[in-house]
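Have a look at the structure below before the remarks.
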Amino acid sequence: GKGIAVLTSGGDSQGMNAATRAVVRVGIYLGCKVYFIKEGYQGLVDGGDNIVEASWSSVSGIIHKGGTVIGSARCKDFTTRPGRISGAQNLVDRGITNLVVIGGDGSLTGANIFRQEWPGILDELLAQKKITEEQRGKYGHLNICGMVGSIDNDFCGTDMTIGTDSALHRIIDCVDAIVSTAYSHQRTFILEVMGRHCGYLAIVGGLTTEADFVFIPENPPLPDWPQRLCDKLGQEREAGQRLNIIIVAEGAIDRNGDPISAEKIKQVVVDNLHQDTRITVLGHVQRGGSPSAFDRVLGCRMGAEAVMALMEATVESPAYVVSLDGNQAIRLPLMACVEKTKAVAKAMEEKQWDLAVQLRGRS
Ligand code: F6P
């Protein structure tokens, strides 16, 4: 059978275990030898005990767990060619020519570079007699399939990344809890949510908790935002509301590109409205804990589709990323999605806010 390896890379997210489980089980079902690569790309570079064969039962009892049981890392070594050469050697030694990478756009870009360099790296290993002619012939092509695991929902090409739904559940639980104490004291709360350069968690978190105001990086507020914020909060209080909720994405900025921090917002509220105001930073609570039903199912579906994509791949196929389109699991060319994701970042850098929002699209 074919050799498949699976690794998780970058920030963890809920549902990664469901995805790993599906890769292992569908792979074994189809007669493949499936391997775990532990600790992300670092495990690929280091080899040894980090690369172990998976069995059907080795993925029992993990679907309900948050995080990733095979470990994850942000790895510097794999960004260097010697690191990738070492990774290739470790794969060829085990007859692995199919790689599933579960991670964000950086991790998936790394996978694509690896795939492009693969034939050259194998030639180098052959010249150094670290692999045989037979291995060079047999394992000459590396198939890659990516899956997007990230709570941020920041990848163009998929409606939802694995982990986003669970993070939203966590955010909703937290805001609901805050609302009850805010009500008692007639307070205003500013909640900072994750999402780096993506406002999805803030926007949907705000919508689902009746927040009064939301700050996101893709569509920064107009310069008179302090006035508009205070007007809005004032109106709600006059209408009888006992509390206010403001949600700020950790990467929120103004139209100059300067950060709009929770502290800055608090200052505006306190100076102008003299409201009793508190800040809560949700932080890694959003990334931890058990995955939602949606993320478990998403992980299962994406994992199964990734294995199918690898089984059907030919030398001509591009590296794929599996994604969710409506209710459909589909395969897309990995690099086209990475390029589009980078175009969003570029539009934001160039302060082309309309373009950034438009490019972000459904994700
Ligand atoms: O990309 C996922 C994410 O949780 C972001 O929302 C956040 O900015 C970042 O990772 C935090 O990274 P770390 O866990 O390394 O502190």
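Numbering (UniProt numbering), first residue to last: 19 to 381.
Ideal Cβ positions, reconstructed from N, Cα and C, are used throughout, including at glycine.
Predicted model, so just to flag it, every value in this text is computed and none were measured.
In the three-state reduction of the DSSP assignment, K56 falls in the coil class. Between V266 and S279, the CB-CB gap stays under 9 angstroms. Collapsing the DSSP output to three states places L209 in a strand. In this structure, the CA atom of Q107 is about 8 angstroms from the CA atom of L140.
Secondary structure of S341 (DSSP, three-state): strand. Straight through space, the alpha carbons of V63 and I149 are spaced by roughly 16 angstroms. For the pair R273 and I283, the Cα-to-Cα distance works out to about 15 angstroms. Looking from the CA of I264, the closest CA among R92, A220, P241 belongs to A220. Within the DSSP bridge table, the entry for T227 names no partner.
For a cut-off of 8 angstroms, the C-beta gap from C216 to D172 is around 4 angstroms, short enough to register as a contact. Within the same chain, Cβ atoms closer than 6 angstroms to the Cβ of L160 are found at T115, R133, W136, the five residues on either side in sequence being excluded. Look at K51 here: in three-state DSSP terms it is strand. Taken atom to atom, the span from the alpha-carbon of T298 to that of C248 is near 19 angstroms.
Contact between the stretch 327-337 and the stretch 349-358 is present: 3 or more CB-CB pairs across the two stretches fall below 8 angstroms.
Sixteen is the threshold: when 16 or more other Cβ atoms of the shown chains lie within 10 Å of the Cβ of A324, as they do, the residue is buried.
Beta-bridge pairing by DSSP links N290 to no other residue. Partner residues in a beta bridge of T115, as assigned by DSSP, do not exist. For E151, the uninterrupted alpha helix (DSSP H) segment begins and ends at 151-156.
If you check the C-beta of S31 against the ligand F6P, you find a heavy atom less than 8 angstroms away. If you keep only unbroken beta strand (DSSP E) runs of at least 3 residues inside the stretch 263-319, you get 295-299.
Residues of the same chain with a CB within less than 6 angstroms of the CB of Q293, apart from the 5 flanking positions on each side, are T206, V287 in chain order. Taking the Cα positions, G128 is about 13 angstroms away from I103. Apart from sequence neighbours up to five positions away, the residues of its chain that approach G317 with a beta-carbon distance below 6 angstroms are G33, A36, A37, I180, ordered along the chain. Per the C-alpha coordinates, the member of L209, S310, R296 positioned closest to G269 is L209.
Here V222 has L186 as same chain residues with Cβ atoms under 7 angstroms from its own Cβ, once five neighbours each way along the sequence are excluded. Note that the C-beta distance between G28 and G58 is below 9 angstroms. By the C-beta criterion, the stretch 65-72 is judged not to be in contact with the stretch 340-347, since fewer than 3 inter-stretch pairs fall below 8 angstroms. The C-alpha of Q253 lies about 54 angstroms from the C-alpha of K56. Relative to the non-hydrogen atoms of the ligand F6P, the Cβ of Q245 never comes closer than 8 angstroms to any of them.
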